[in-house]
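Inspection log for the structure reproduced underneath, given as structure tokens.
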Amino acid sequence: MLSYVGRRVGISLVQLVGLALMAFILIHLAPGNEVRTMLGSRATPAQVRAVSNSLGLNRPLVTQFFTFIGHLLTVHFGQSFTFNQSISSLISERALPSAALIGYGTLVALVLGVPLAITGALRAGKPLDHGIRIFTTVSFAMPTFWSGLVLALIFALKLHWLPVSGYTGGFVGIVRSLTLPAIALGLSLLAVVVRTLRSSVRQVLSTEYVEAAQARGFSTPRVLAKHVVRNAIMPTVTVLAVNVGFLIGGTVVLEQVFQIPGLGSLLFQAVEQRDYPLVETLAVLSGGVVVLLNLLADLLQAVVDPRVRLGAQGG
Amino acid sequence: MADVGVVVEKFARRRRAFRVKNWELTLGLVIVGLLVVAAILAPVIAPYNPNAINILHALEKPSWSHLMGTDFVGRDLFSRVLYGLRVDLLVVAVITYVGLAIGVTVGTVAGYLGGWFDAVVGRIADTVISFPFIVLVLAVIAIVGPGLKGVAIGIIVVGWALYARLARSEMLAMKEQPFMLATKALGYSNTRAIFRHALPNLVRSSLVYSTVDVVVNMLVLAGMSYLGLGQQAPGADLGSIIAGGQEYLLNAWWITTIPGAVLVLFGIGVSLIGDGLTNGELSMATI
Amino acid sequence: MSTSPLLEIKELRIAFGRSHHSAVAVNNVSLDLGVGEVVGLVGESGSGKSLTCRSVIRMMPSSGLMTATEINFDGRDIMSLSPAQLREHRAHNVGMIFQDPFSCLDPTKRIGEQIAETLRVNAGLASATAHDRALELLRSVNIDKPEQRYRAYPHELSGGMRQRVMIAIAVSAKPKLLVADEPTTALDVTTQAQILTLIKQLRAETGMSVLLVSHDFGVIAQVCDRVAVMYGGYVVEFGPVRDICTRPQHPYTRALLESIPSMESAGRHVRRAGILGQPPSLGDVVEGCPFASRCSFATPQCRSIEMTRRTVGEGHTSACPFVGDDLVSQGAGPIGRADSTEGDAS
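Chains as they are written, first to last, in our numbering: chain A, 9 to 323; chain B, 11 to 297; chain C, -12 to 333.
Here it is in structure tokens:
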């Protein structure tokens, strides 16, 4: 187990360094003088030089990269020029709405997806299964911003059940302001959840240990809950972890639709303003979140399935 | 247990013959085909100039004279959707298949050669895939600047990596197959072995995967245009048309919902083609 | 043997598909099994023996349709049980073990927990009691160091050990009947003997009945009191094992017995006789006797006979009307032979 964890953590570390390097290279590929872009055309050469010096932009690239890594490791992301605020405090202010939206959206996808997947697997090839498949195909094809707007039109503008946009804190506030974007986000993820889980449930249902459990007189709900889902859920957990990046992307757009002050809208503003240090930091952090969640998913799989940690394929 | 398995399998084989053959592929091709034809023929079909402003007819409901209604300055939505679709389809096709071409080539060569080239390509592809797709596209847009060019470059920078990974792993498996070993024994050059013999076999699964990619890229492209980072005014694509309707959502629902529905229809069509290709493996054996 | 039957299957039929083009896998099978008795079901794969033994707990593949005049188990008709009653029946009356114990155990759970789960759910034991009882069961199926094995995962055990675990689960509810579907097929010969001994031992201790399915007459002969020979979905011969081994009445039974390597041939290169041809496959519509096409005794009448068994000895029935003791004792090679390994009854 320990050697497995060690190997897996090592892979993630390499990926994290790769992320930082790639973000760094991307930003330094930027055409023209980034300081001039940031300060606007009216900046005097002296101002540009001063800011360049304070950012360390005139030092060699390698030095700059290690400074960047050092800042990442010590959570000193520097200053955002467009917001006149330290990047760390910007991020900590804005993290909660985005995290809540991603969590809530995943919850929606699971609450809708798990029953649909199990139903589809139990009724494989029957009309109900086809119906579920068509539904998930449609949900996959919907742009999140569009389904968000349609939901807002129906549930906010017409029915007045929920606010059209904006964000309020507190549990009730979060639930009220994030329900519509979370449904939009969850719907976009639904197809992946249903397809992955349905096929692994089908596979587990056809195994002999499920047959043996039924032969023992266990009820169908018990067999499903204790044996089938337990054995079938891991591919879905992995797929969810892989799709966190997709969800993060979804929040960028949805936070604009619903005017939620999260990291997604922060990134959007940073891109619009060409606030390169902020874009760089957010890109690395979001990639880091994806890498870490994938690591967690793999470690969780090793805990759940004893065969993984031995590296055995297990016939 | 084996006994029961044999019985059931034999029975299932008998049943399969009764199944309708690949309706998904047919329906998907029809949907996508109609949309593509409509987009190509936009100048012929469109009843109005998509950018012609007519304030007197602003925010009109769908009617016989304006099939999809009009927007806040009275532009005919049906014409705008046709032209917007034209832009989106062209951009999506280009970015997806340029990404596919780069990815499959790089992945195949990496898998065939192995060594340091393979290691470098593998690391870069893994890193690109670790980034959230849209975040990386946004970072590229921040550098290149808003507009379709920025979006296209951003999506290609990300998009090639999955194809490279797919092609690489298939190449590794194929390398051991007799016909590839034979190219070595016959003294073919690496280039010939890769491009004449391996690539045609590898492209197939990438093409099947591209049906998912086309939908995702279309959604990202529309998303960027919705954010104002894609197609710039006065040009329009579906994302920017939807964004333009947001303010008028309650009074003029059609500006937002109808172009979005066209996007959804396209996504469904492409997904159906993908399903058809994966189900009816045999019918596509020629690809 | 026993006078009070525990299980009586009457005219069992299992078919796949809708009425007009259905494929019949088990046809007109009637069997009985006494309290404490061990009955074998022997036949080639596809003969319907696995489906037949599953009918005892009414467990069919989703496309299978099972009908019977009656399946009487200890005074109750299995065919008329409600789903809840059926679960009760599976939980308490019948224990089942299968050919491949590895795939029958949940790969992600410790084997002790799998036994304890059965005890908790089916016998309603508290967790602590279930734990102790599971250890006891592991001991009773001759697994040494049970405390240690309790915490093992299925992939950490040997094949024989896994089958012992399956047996422990099967007998945990003290069932009246143990159904063993090819329990030794996936095991090597030494382990096979140990598992058979264990089954015999448990039967002697608990007095449960056993329905043992195997393609191997050798296994059947070691353990069973009576044996039913199945072919093409029919029981072609049924009777005491000793009687059938010495005086097989049906040509198929004879062929099957002749394909077993005997003690005399051990160590020498003697090719055993196989049975020529292929058994009918599911969906083939066979009129009359399904063995007729492979039987060298076959007459045109065989294609139209009714497949019902008639008494040919004490407690001994056969579905073939033409072969009696006289014919067999003539020593004429009645069975088509193939001097090859093809057609081996496995």
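Glycine is no exception: its CB is placed at the ideal position from the N, C-alpha and C atoms.
Using a Cβ-Cβ cutoff of less than 6 Å, which residues in the same chain neighbour residue i once the five nearest sequence positions on both sides are dropped?
{"i": "B:G255", "result": "I265, T266"}
{"i": "A:V245", "result": "A305"}
{"i": "C:V223", "result": "V216, H237, Y239, A306"}
{"i": "C:V152", "result": "I98"}
{"i": "B:A295", "result": "Because the pLDDT at B:A295 is just 32, under 50, the model does not fix this residue reliably, and the point stays unresolved."}
{"i": "C:L52", "result": "A2"}
{"i": "B:A56", "result": "S89, L92"}
{"i": "B:G169", "result": "G109"}
{"i": "A:R131", "result": "D137"}
Please report whether the beta-carbon of residue i lies at a distance below 7 Å from any beta-carbon of chain A.
{"i": "C:H118", "result": "no"}
{"i": "B:V83", "result": "no"}
{"i": "B:V102", "result": "no"}
{"i": "B:V91", "result": "no"}
{"i": "B:S281", "result": "yes"}
{"i": "B:A48", "result": "no"}
{"i": "B:F28", "result": "Because B:F28 carries a pLDDT of 39, less than 50, the predicted location of this residue cannot be relied on, and the following value inherits that uncertainty. Cβ-Cβ to chain A under 7 Å: no for B:F28."}
{"i": "C:F3", "result": "no"}
{"i": "C:I98", "result": "no"}
At the 7 Å Cβ level, is residue i part of the contact set with chain B, yes or no?
{"i": "A:V200", "result": "no"}
{"i": "A:Q264", "result": "yes"}
{"i": "A:L27", "result": "yes"}
{"i": "A:V279", "result": "yes"}
{"i": "A:F153", "result": "yes"}
{"i": "A:L188", "result": "no"}
{"i": "A:V260", "result": "yes"}
{"i": "A:T145", "result": "yes"}
What does residue i touch in chain A if you count any residue whose Cβ is under 9 Å from its own?
{"i": "B:F88", "result": "Result: empty, since nearest Cβ-Cβ is about 18 Å, beyond 9 Å."}
{"i": "C:S268", "result": "Those do not exist, as C:S268 stays about 22 Å from chain A at its closest Cβ, beyond 9 Å."}
{"i": "C:D64", "result": "Near C:D64 there are no residues of chain A at all, since even the closest Cβ is about 18 Å away, more than 9 Å."}
Could you tell me which chain A residues have their CB closer than 8 Å to the CB of residue i, listed as they occur along the chain?
{"i": "B:L69", "result": "Per Cβ cutoff of 8 Å: no residues; B:L69 is ~15 Å from chain A at best."}
{"i": "C:E75", "result": "G225"}
{"i": "B:R133", "result": "V22, G26"}
{"i": "B:F143", "result": "G253, F254, G257"}
{"i": "C:M83", "result": "A220, A223, R224"}
When DSSP builds the beta bridges, which residues end up paired with residue i?
{"i": "B:P156", "result": "Bridge partners of B:P156: none, in fact."}
{"i": "C:D19", "result": "C:E(-5)"}
{"i": "C:M83", "result": "C:V166"}
{"i": "C:E224", "result": "C:V216, C:S305"}
{"i": "C:T54", "result": "C:R0"}
Please return the same chain residues whose Cβ sits closer than 7 Å to the Cβ of residue i, not counting the five positions on each side in sequence.
{"i": "A:N239", "result": "V212"}
{"i": "A:A31", "result": "E288, A291, V292"}
{"i": "A:R102", "result": "P269, G270, L271, L274"}
{"i": "A:V250", "result": "N302"}
{"i": "C:G302", "result": "G226, P227"}
Taking only beta-carbon positions, decide if residue i is within less than 7 Å of chain C.
{"i": "A:P229", "result": "no"}
{"i": "A:E216", "result": "yes"}
{"i": "A:G314", "result": "The sequence shown places Pro at residue 314 of chain A, rather than the Gly named in the question. By this cut-off, A:P314 is an interface position."}
{"i": "A:N92", "result": "no"}
{"i": "A:N66", "result": "no"}
{"i": "A:H235", "result": "yes"}
Find the residues of chain A that neighbour residue i, judging by a C-beta separation of less than 7 Å, and give them in chain order.
{"i": "B:S140", "result": "Q23, L27, G295, V298, V299"}
{"i": "B:A208", "result": "Per Cβ cutoff of 7 Å: no residues; B:A208 is ~27 Å from chain A at best."}
{"i": "C:Y140", "result": "P314"}
{"i": "B:T137", "result": "Q23, G26, L27, M30"}
{"i": "B:Y236", "result": "F153, V261"}
So with CB distances below 8 Å, who are the chain B contacts of residue i?
{"i": "A:F73", "result": "Correct list: empty, because the minimum Cβ distance to chain B is about 15 Å."}
{"i": "A:V158", "result": "T266, T267, G270"}
Residues of chain B with a CB under 7 Å from the CB of residue i: which are they?
{"i": "A:V287", "result": "A149, A152"}
By Cβ distance below 8 Å, which residues in the same chain neighbour residue i in space, the five residues on each side in sequence not counted?
{"i": "C:S316", "result": "Low confidence applies to C:S316: its pLDDT is 43, below 50, so where it sits in the model is not reliable enough to give any reading."}
Please list, in chain order, the chain C residues whose beta carbon lies closer than 8 Å to that of residue i.
{"i": "A:H168", "result": "Ordered by position in chain C, no residue passes the 8 Å Cβ test against A:H168, which lies about 46 Å from the chain."}
Exercise. Is the number of C-beta pairs between the stretch 157 to 173 of chain A and the stretch 188 to 207 of chain A that are closer than 8 Å three or more?
Worked result: yes
Problem set entry | the stretch 92 to 105 of chain C contacting the stretch 139 to 149 of chain C, beta-carbon criterion three pairs below 8 Å | Touching, yes.
For this session: Could you tell me whether the stretch 146 to 156 of chain A touches the stretch 227 to 235 of chain A, where touching means 3 or more Cβ pairs closer than 8 Å?
Result: Cβ pair count under 8 Å is below three, so no.
Exercise. Counting Cβ pairs closer than 8 Å, one from the stretch 80 to 89 of chain C and one from the stretch 158 to 168 of chain C, do we hit at least three?
Worked result: Taking 8 Å as the limit for Cβ pairs, the verdict is that the stretch 158 to 168 of chain C does touch the stretch 80 to 89 of chain C.
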